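Residue numbers (this note's numbering): 21 to 151.
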């Protein structure tokens with residue numbers, strides 16, 4: 021993203037912050053705001069679990085997709101996705117096998133004290149197996 025595009029995004033965010041503080045968000049902005057909050061919450065959860073260095077190594081990018089936050093990850097030449105399993109305190113790790121094709125690798129409990137370690141080991145196993 022160019023510097024000008026970054027600046028434009030920062031300016032638009034500042035405008036939105038002002039509208040929010042004045043109670044003047046449009047319905048679309050309110051929806052986007054709620055989605056952004058969920059994405060930031062998921063990103064914070066993941067950073068606490070796998071540490072910043074691992075998130076950088078995995079090129080982690082958390083986005084809003086398919087109605088919920090999704091972490092896109094890259095390990096070697098493998099594209100992976102991590103997201104919460106709807107209705108459960110579980111997260112699924114998926115190998116992206118093609119456009120719209122995902123293969124589930126594992127599920128990890130959201131309250132598992134070893135979540136980050138289990139996630140990293142599952143990614144390592146998927147890469148080493150060449151899944």
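All C-beta atoms in this analysis are idealised placements derived from N, C-alpha and C, irrespective of residue type, glycine included.
Remember, it's a predicted structure, so these values are computed and weren't measured experimentally.
Under 7 Å between the Cβ atoms of residue i and residue j?
i           : j           : result
residue 114 : residue 122 : yes
residue 11  : residue 89  : Coverage of the chain is limited to positions 21 through 151, which leaves residue 11 absent and any answer about it impossible.
residue 111 : residue 87  : no
residue 91  : residue 73  : no
residue 82  : residue 63  : yes
residue 39  : residue 30  : no
residue 55  : residue 84  : yes
Quick one: residues in its chain with C-beta nearer than 6 Å to the C-beta of residue i, no 5 flanking neighbours on either side, listed in chain order?
i           : result
residue 93  : 78, 80, 100
residue 69  : 135, 136
residue 125 : 113, 115, 142, 146
Pull the bridge partners of residue i from the DSSP assignment, please.
i           : result
residue 116 : 122
residue 102 : 91, 113
DSSP on residue i, reduced to helix/strand/coil?
i           : result
residue 130 : coil
residue 97  : coil
residue 144 : helix
residue 107 : coil
Less than 8 Å between C-beta atoms, sequence neighbours within five positions excluded: which residues of the same chain meet that for residue i?
i           : result
residue 132 : 138
Give, in chain order, every unbroken run of the beta strand (DSSP E) that is at least 3 residues long and sits entirely within the stretch 21-95.
Listed in chain order, the complete beta strand (DSSP E) runs (minimum 3 residues) inside the stretch 21-95 are 81-85, 88-95.
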